[in-house]
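Reading through the structure tokens given below for one structure.
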Amino acid sequence: MKQIIDALNKALAMEIQAILQYVNQYHILHDADFMELANKTMAIAKEEMSHADDLGKRIKELGGSAVAMPDAKPTTGQGVEDIFQFDADLETTTIKKYNEFSEICRENGDTVSATLLERISASEQEHSTRSTR
Ligand SMILES: [Fe+2]
Ligand SMILES: [Fe+2]
């Protein structure tokens, strides 16, 4: 069980980092007057928030405590031209990790958490495509 809760907490930390990253980029895009891109970026940040919420709830269902800390500091001061490739890479790394976490859950007989991670992964996949458009 500890292995599952640790994996879910690591995923939660990655979501919190993604929220901070996208909100940072929202301000950069907003300041540069790219309003449509800024709003799209904020919409993604809100979806990451919803992923974080789902992960937190699942951790609690399993009797664990949800640790709300970013996985790493977000990258700040990016140029507008750096943002989209950076995000595509971030989402790709996240998908890879979530596949590993989902396997850990399945190996330990927790198909509910595995399915949750796979559902979130599909949403990250969508973000990675939107990021490069
Ligand atoms: Fe996410
Ligand atoms: Fe994402």
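29 is the number of the first residue of the sequence shown in the working numbering; add one for each residue after it.
All residues carry an ideal CB built from backbone N, CA and C; glycine is no exception.
{"Check": "Contact test: residue 152 Cβ vs ligand 2 heavy atom, cutoff 6 Å", "Outcome": "yes"}
{"Check": "Own chain residues within Cβ distance below 8 Å of residue 31, not counting five before or after", "Outcome": "132 and 136"}
{"Check": "beta-carbon residue 119 near ligand 2 non-hydrogen atom, thresh 6 Å", "Outcome": "yes"}
{"Check": "Segment contact, 8 Å Cβ cut-off, at least three pairs: the stretch 34–43 with the stretch 93–103", "Outcome": "yes"}
{"Check": "C-alpha gap between residue 50 and residue 58, whole angstroms", "Outcome": "12 Å"}
{"Check": "Simplified DSSP assignment, three categories, for residue 151", "Outcome": "helix"}
{"Check": "Classification of residue 155 by the beta-carbon crowding that lies within 10 angstroms, buried from 16 upward", "Outcome": "buried"}
{"Check": "At least three beta-carbon pairs within less than 8 Å, the stretch 80–89 to the stretch 139–148", "Outcome": "yes"}
{"Check": "Residue 58 Cβ short of 6 Å to ligand 2 heavy atom set", "Outcome": "no"}
{"Check": "Residue 89 versus 68, 153 and 36, residue with shortest Cα-Cα distance", "Outcome": "36"}
{"Check": "Nearest candidate by alpha-carbon position, reference residue 162, set 53, 71, 134 and 138", "Outcome": "The question about residue 162 has no answer here: the residues shown for the chain are numbered 29 through 161."}
{"Check": "Distance cut-off 6 Å: residue 146 Cβ against heavy atoms of ligand 1", "Outcome": "no"}
{"Check": "Among 108, 127, 117 and 150, the one whose alpha carbon lies nearest that of residue 65", "Outcome": "108"}
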